[in-house]
Structure formats: C-alpha cells, structure tokens
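Enquirer:
This is the structure:
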C-alpha cells in the first residue's frame with residue numbers, strides 16, 4: 044500500500060535535472076518532441092541519442108525506474124522494428140532466407156523509427172521521473188499566465204489541478220479501506236466474469252461517491268471560511284525562479300538544435 | 181451564487197482525481213493492451229459530474245483527468261497524437277452533460293425509463309466522441325510509425341474499439357445503477 048500511494052513515477056533526488064526549474068524542463072521537452080522528427084541520418088540521430096542519454100545519466104534516476112516506465116513500450120518498439128524489416132524493400136538485399144529477403148533499407152528504417160520512439164518515451168518519462176506533478180502544475184500555471192488577458196481561467200484550472208493531485212492519495216486510501224471492508228464481507232473484486240466483477244464493484248462505488256461528495260462539500264466550505272474568492276491577489280508558497288543553471292541548459296539545448304540542423308540530410 | 185462556484189470547482193477537481201484513481205487501481209480494470217487502453221470504470225465519475233453540473237463541468241472534469249493522465253504516464257509519439265489522445269479525448273467525455281436537464285428532471289420525477297434513455301444517450305455520446313479522438317490519434321500514430329501501405333485505420337479501429345466498446349457499456353450500466361440507487365446524493369447540487 045505504501046508503494047501504491049506514490050502517484051506517478053516521481054523519484055526523489057538532488058541532481059541537476061531535479062533542480063532545474065520545471066518551466067525549463069517543460070519547454071525543453073515541448074521542443075524535443077518536435078525536433079526528434081528533424082533527425083534523418085546516423086549523425087543527427089547520434090546527437091539526439093547523446094542528448095537523451097546524457098540527461099538520463101546526470102538525472103541519477105536508477106536505471107530500473109526508467110526501464111519500468113519503458114516496459115509497456117518495448118513491445119511496440121520491437122513490433123515496429125520487425126514490421127519495417129518485413130515490409131520495406133529498399134536498398135540492397137542483406138540476408139536471404141528461402142524466398143524471404145531482408146533489405147538494408149528496411150533495417151535502417153526499422154532502427155531509426157524504433158530509436159525515435161525510444162527517445163521520445165525516455166525524455167518524456169525523464170520529466171515525470173524528476174518533477175512532481177505539483178511542480179509541473181505550478182509551471183504550467185505560470186507559463187499560461189498571459190492567457191489571463193483573454194479571460195482564460197488559468198488560476199482556477201491550476202487550483203483545480205492541485206486539488207485533484209492532492210486528493211488522489213486520499214481517495215486511494217479510502218478505496219483501499221472500503222474495498223477491504225467489503226471484501227471482509229465476502230465481496231470478490233478480483234475473479235469472475237466481467238459481469239460478476241461489475242456487480243461486485245457497486246458496493247464499492249456507492250460509498251466512494253458518497254464520500255467524494257462529502258469531501259468536496261467540506262473543502263469548499265473550508266475554503267470559503269478562509270476567505271477564498273478567486274485568483275486576484277493570491278500569493279504563493281513556492282515561487283519559481285530561473286537561474287544560471289537553467290540558462291546554461293537552454294544554451295546547450297539550442298546547441299543541440301543547431302547541431303541537428305547542420306548534420307541532418309536534406 | 182459565489183458559494184456554488186467554489187463547490188463546483190472543488191467537486192470537478194475531486195471527481196477528476198476519482199476518475200484517474202479508478203483507472204490506476206489494478207483490480208478495478210481489465211488490461212487489454214500494454215500500451216495503455218484498458219476496460220476501466222474511470223469514465224463514470226466524469227459522466228456523473230457531467231449529469232450533475234452540465235456541459236461545462238463535464239468538459240472541465242474530463243480535461244483535468246486527461247492532463248493528469250499525461251503527467252502520470254506520458255505516451256507522446258507525435259505531437260498531434262498526444263494532443264488528441266490526452267487533451268481532446270478525455271475532454272469530450274463531458275459532452276454527456278448535454279443531457280443534464282433531461283436526466284435531472286427524469287430523476288426528480290422518478291421516471292426510470294426516461295432516466296435510463298437519457299443516461300444511455302449521454303454516456304454513449306461522450307464515449308463515442310472519446311473513441312473518435314483516440315481513433316484519429318491512432319491513425320496519426322500508426323501513420324507515422326507503420327510502414328507505408330498498411331491499413332492504419334483498421335489497426336486503430338481494432339485497437340481502440342477493443343477497450344472502448346466494453347468500457348462504454350460498463351460505464352453506462354453502472355452510471356444508471358448509481359442514479360437509480362442513490363438519486364438523492366447525486367442530485368444534491370440543486
């Protein structure tokens with residue numbers, strides 16, 4: 044249960060990647076998702092891979108956590124690789140097994156596509172491995188600040204997001220408690236057909252919904268009792284700050300983009 | 181009026197958390213594919229909020245759930261696919277809220293048949309729109325990564341349909357059940 048209470052993949056740490064401003068990390072990843080598609084030859088792919096691997100190493104996140112995040116993807120990576128080898132018939136024949144031929148183009152393309160895949164997942168999970176959801180929410184609120192001018196409720200959304208994230212562990216404990224209580228009375232959630240299990244879920248769902256409504260009501264009342272009335276003039280407990288570290292990382296990233304543009308084939 | 185606004189925000193937020201929770205508790209969902217996509221009960225809280233607070237509440241709750249899903253296990257392969265699979269797909273569930281007034285008045289008057297009809301219409305509309313978003317997201321994804329000449333729409337249809345259809349039926353039945361058994365709790369807001 045203790046383990047299950049940690050939401051998402053966050054691994055606490057003290058590395059450079061952990062300490063970067065979450066806004067820096069989000070910006071970088073946002074652009075990374077686009078520049079991955081710039082790479083189209085061995086050299087440009089190497090630059091991307093190097094960037095991703097170096098970030099991974101300096102984040103000092105234990106490799107098994109990274110692997111855990113990648114588990115569901117392995118199948119896709121292998122599958123696309125094999126598909127490309129079978130279907131793509133370009134370049135010279137490398138291997139012939141009976142009437143089936145493997146072409147060099149297929150192998151290259153298979154590797155390139157799988158690698159792109161792998162890099163995207165690696166870098167995006169690096170963000171969630173080194174940044175708490177609350178930090179990400181704060182960062183997004185800050186980055187979307189200009190939208191307030193067009194009456195977009197940035198503050199309200201961020202507040203709701205924080206409440207949501209805050210309540211996941213609470214609700215999880217509650218679910219655990221209720222499901223144990225119902226299990227002790229003989230409800231079986233884990234076996235049986237979909238129909239049986241759906242029926243078994245009702246005595247769990249009803250108390251959960253009732254208590255979720257109750258919690259919402261209590262929290263709303265508590266907020267109002269403390270004078271909450273919208274975003275105007277609220278101050279923050281945690282202030283975000285960009286410092287030299289972040290600027291250095293931005294410069295490095297710009298260098299990576301420049302390197303990609305120089306080395307990719309046109 | 182002010183009071184209702186805070187309650188609205190808090191309730192939408194807590195129910196979005198609820199949705200995420202139902203999705204990540206292992207014994208409450210049936211994994212179909214390793215790449216995400218499981219038959220889970222997670223859409224139920226979103227539909228409940230949609231029927232309680234209408235379109236705006238439903239869309240907001242769905243959107244929050246989508247963003248949290250992205251924060252917790254990001255699956256970004258192509259920018260457009262990420263946008264469709266997370267921002268759009270979960271948000272459009274809220275369109276179930278279009279039937280709010282009908283569901284509410286049927287519940288108030290105790291007309292079970294009417295209630296069932298509108299709950300089914302609402303959940304099917306929301307789930308169908310979500311399916312559509314995942315379906316197009318899938319085409320974008322397979323289109324980018326599968327070799328040329330593959331029937332990408334078929335992959336996407338089978339992949340997404342295999343978990344969305346059972347999940348849709350399961351949620352519709354359970355939402356109806358909850359409204360039927362606990363009409364008072366669900367109607368409190370008014």
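Residue numbers (this note's numbering), protein chains in the order written: chain R, 44 to 309; chain P, 181 to 370.
Backbone N, C-alpha and C fix where the C-beta goes; we use that ideal spot for every residue, glycine too.
On a predicted model such as this, the values are computed, not experimentally measured, just so you know.
#1: Taking Cβ positions, are residue 120 of chain R and residue 157 of chain R nearer each other than 9 Å?
#2: Run the CB neighbour count on residue 206 of chain P, radius 10 Å, all protein chains shown included, and call it buried at 16 or more, exposed below.
#3: Mind pulling the chain R residues with CB within less than 8 Å of residue 365 of chain P?
#4: On a Cα-Cα basis, can you pick out the residue from R:104, R:241, R:295 and R:255 that is closest to residue 21 of chain R?
#5: Apart from the five residues just before and just after residue 242 of chain P, which ones in its own chain have a Cβ nearer than 6 Å to its Cβ?
#6: Please determine, among R:201, R:205, R:174 and R:264, the residue with the shortest C-alpha to C-alpha distance to residue 187 of chain R.
#7: Check whether chain R comes within 9 Å of residue 207 of chain P, counting only Cβ atoms and requiring the distance to be less than that.
#8: Check each candidate in P:365, P:344 and P:362 and name the one with the smallest Cα separation from residue 219 of chain P.
#9: Does the Cβ of residue 282 of chain R have 16 or more other Cβ atoms within 10 Å, making it buried, or fewer, making it exposed?
#10: Less than 9 Å between the beta carbons of residue 82 of chain R and residue 190 of chain P, yes or no?
#11: Taking 9 Å as the CB-CB cut-off, is residue 221 of chain R touching chain P?
#12: Is the beta carbon of residue 311 of chain P closer than 9 Å to that of residue 341 of chain P?
#13: What would DSSP say about residue 138 of chain R, mapped onto helix, strand or coil?
#14: Decide yes or no for the touch test of the region 222-233 of chain R against the region 179-195 of chain R: beta carbon pairs closer than 8 Å, at least 3 of them.
#15: Out of R:98, R:147, R:130 and R:207, point me to the one whose CA is closest to residue 137 of chain R's CA.
#16: Check whether the Cβ of residue 146 of chain R lies closer than 9 Å to any Cβ atom in chain P.
#17: Smallest Cα separation from residue 297 of chain R: which of R:62, R:220, R:78 and R:65?
#18: Considering Cα atoms alone, identify which of R:284, R:176 and R:301 is closest to residue 248 of chain P.
#19: What's the C-alpha gap between residue 265 of chain R and residue 187 of chain P?
#20: Any idea what DSSP makes of residue 309 of chain R, helix, strand or coil?
#21: Ends of the beta strand (DSSP E) at residue 144 of chain R?
#22: Can you tell me the Cβ-Cβ gap for residue 252 of chain P and residue 218 of chain R, rounded? I've got them flagged as a contact below 8 Å.
#23: By the three-class DSSP mapping on this structure, what secondary structure does residue 285 of chain R have?
#24: Residues of chain P with CB under 8 Å from residue 186 of chain R, in chain order?
#25: Identify the contact partners of residue 271 of chain R in chain P, using a Cβ-Cβ distance below 7 Å as the criterion.
#26: What's the call for residue 338 of chain P, buried or exposed, on a 16-neighbour Cβ count within 10 Å?
Expert: Let me lay it out:
#1: To locate residue 120 of chain R, count along the first chain from 1; it is residue 77. To locate residue 157 of chain R, count along the first chain from 1; it is residue 114. Against a cut-off of 9 Å, the Cβ pair of residue 157 of chain R and residue 120 of chain R comes out as a contact.
#2: For the purposes of this step, residue 206 of chain P is taken as residue 26 along the second chain, with counting starting at 1. By the neighbour-count rule (16 or more Cβ atoms within 10 Å), residue 206 of chain P is not buried but exposed.
#3: Stepping through the second chain from its first residue, residue 365 of chain P is reached at position 185. Under the 8 Å cutoff, chain R gives 252, 253 and 256.
#4: For residue 21 of chain R there is no data in the structure shown, the boundaries of chain R being 44 and 309.
#5: To locate residue 242 of chain P, count along the second chain from 1; it is residue 62. Excluding sequence neighbours, residue 242 of chain P sits near 226, 270, 271, 273 and 274.
#6: As a position in the first chain, residue 187 of chain R is number 144, starting the count at 1. Checked all of R:201, R:205, R:174 and R:264; the closest Cα to residue 187 of chain R is R:201.
#7: For the purposes of this step, residue 207 of chain P is taken as residue 27 along the second chain, with counting starting at 1. Chain R, which has a Cβ nearer than 9 Å to the Cβ of residue 207 of chain P, makes this yes.
#8: Residue mapping note: residue 219 of chain P aligns to position 39 of the second chain, counting from 1. Checked all of P:365, P:344 and P:362; the closest Cα to residue 219 of chain P is P:344.
#9: Position 239 of the first chain, counted from the first residue, corresponds to residue 282 of chain R. Its Cβ having fewer than 16 others within 10 Å, residue 282 of chain R is exposed.
#10: Against the first chain, residue 82 of chain R aligns to sequence position 39. Against the second chain, residue 190 of chain P aligns to sequence position 10. Annotated as distal: residue 82 of chain R and residue 190 of chain P, with beta-carbon spacing of 9 Å or more.
#11: Translated into positions along the first chain, residue 221 of chain R becomes position 178. Among the CB atoms of chain P, none fall inside 9 Å of the CB of residue 221 of chain R.
#12: For the purposes of this step, residue 341 of chain P is taken as the residue at position 161 of the second chain. For the purposes of this step, residue 311 of chain P is taken as the residue at position 131 of the second chain. A contact, by the Cβ cut-off of 9 Å.
#13: One-based indexing of the first chain puts residue 138 of chain R at position 95. In this structure, DSSP gives residue 138 of chain R an extended state, which the three-state scheme calls strand.
#14: Result no; under three Cβ-Cβ pairs closer than 8 Å.
#15: Sequence index remark: in the first chain, residue 137 of chain R carries index 94 (1-based). Of the candidates R:98, R:147, R:130 and R:207, the one whose C-alpha sits nearest the C-alpha of residue 137 of chain R is R:147.
#16: Within the first chain, residue 146 of chain R is the residue found at index 103, counting from 1. Using a CB distance cut-off of 9 Å, residue 146 of chain R does not count as an interface residue toward chain P.
#17: Position 254 of the first chain, counted from the start, is the residue given in the question as residue 297 of chain R. With distances taken between Cα atoms, residue 297 of chain R lies closest to R:78.
#18: Within the second chain, numbered from 1, the residue matching residue 248 of chain P stands at position 68. Residue R:176 is the option with its Cα nearest to residue 248 of chain P.
#19: Numbered from 1 along the first chain, position 222 holds the residue referred to as residue 265 of chain R. Numbered from 1 along the second chain, position 7 holds the residue referred to as residue 187 of chain P. It is roughly 10 Å from the alpha-carbon of residue 265 of chain R to the alpha-carbon of residue 187 of chain P.
#20: Numbered from its first residue, the first chain carries residue 309 of chain R at position 266. Residue 309 of chain R: coil per DSSP, three-state reduction.
#21: Looking up residue 144 of chain R in the first chain gives position 101. Where residue 144 of chain R is concerned, the enclosing beta strand (DSSP E) stretches over 143-146.
#22: On the second chain, position 72 is the one that residue 252 of chain P refers to. On the first chain, position 175 is the one that residue 218 of chain R refers to. Not a contact, Cβ separation roughly 17 Å.
#23: Position 242 of the first chain, counting from 1, holds the residue named residue 285 of chain R. Note: residue 285 of chain R maps to coil in three-state DSSP.
#24: Position 143 of the first chain, counted from the first residue, corresponds to residue 186 of chain R. Within chain P, no residue comes near residue 186 of chain R; the closest Cβ sits about 13 Å away, beyond 8 Å.
#25: By one-based count along the first chain, residue 271 of chain R stands at place 228. Those are 186, listed as they occur along chain P.
#26: To locate residue 338 of chain P, count along the second chain from 1; it is residue 158. Under this definition residue 338 of chain P is an exposed residue.
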